[in-house]
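What follows is a short report on a single structure.
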């Protein structure tokens, strides 16, 4: 009986892959874990180079969504076992909220820069009263 349960658990754990993607995704840790070592090394190089790190971050984000939705497999094509649906949906919700927060942050920064540039040009100054 116990041997049958162990045979059913062959492969890689979904929660471990999801956690690796969450914490070390830019370094491709989840890819190393699931046997996709070549692309894992590409992610490491992209991250270490620095200027190309955003590419690795976007790649990890896409992998995270694929993991959360259950569309990510091991290198040999096998499914990851013990998938937890609600955890995947929380991941998606957090990533969407982070994207919205970043968008609002950069919008506020651009607005402040525009306001400073506008006031520095004197366009908003009131004419002197007689």
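Residue numbers (the numbering used here): 393 to 522.
All C-beta atoms, glycine included, are put in the ideal place defined by N, C-alpha and C.
Quantities reported herein were computed from a predicted structural model and do not represent experimental measurements.
Rounded to whole angstroms, residue 507 and residue 492 show a C-alpha spacing of 22 Å. Residue 465 carries a strand assignment under DSSP once its states are collapsed to helix, strand and coil. A straight-line Cα-Cα distance of about 25 Å links residue 494 and residue 437. Secondary structure note for residue 456: its alpha helix (DSSP H) is the uninterrupted segment 445 to 460. At the C-beta level, residue 414 and residue 483 come within 8 Å of one another.
Residue 418 and residue 457 have their C-alpha atoms roughly 14 Å apart. Residue 403 sits close to residue 472, with the two beta carbons spaced by under 8 Å. Listed in chain order, the non-local C-beta contacts of residue 432 below 7 Å within the same chain comprise 420, 423, 424, local neighbours out to five positions each way being set aside.
Across the structure, residue 500 and residue 485 are spaced so that their CA atoms are roughly 23 Å apart. Between the alpha carbons of residue 462 and residue 439 lies a distance of about 25 Å.
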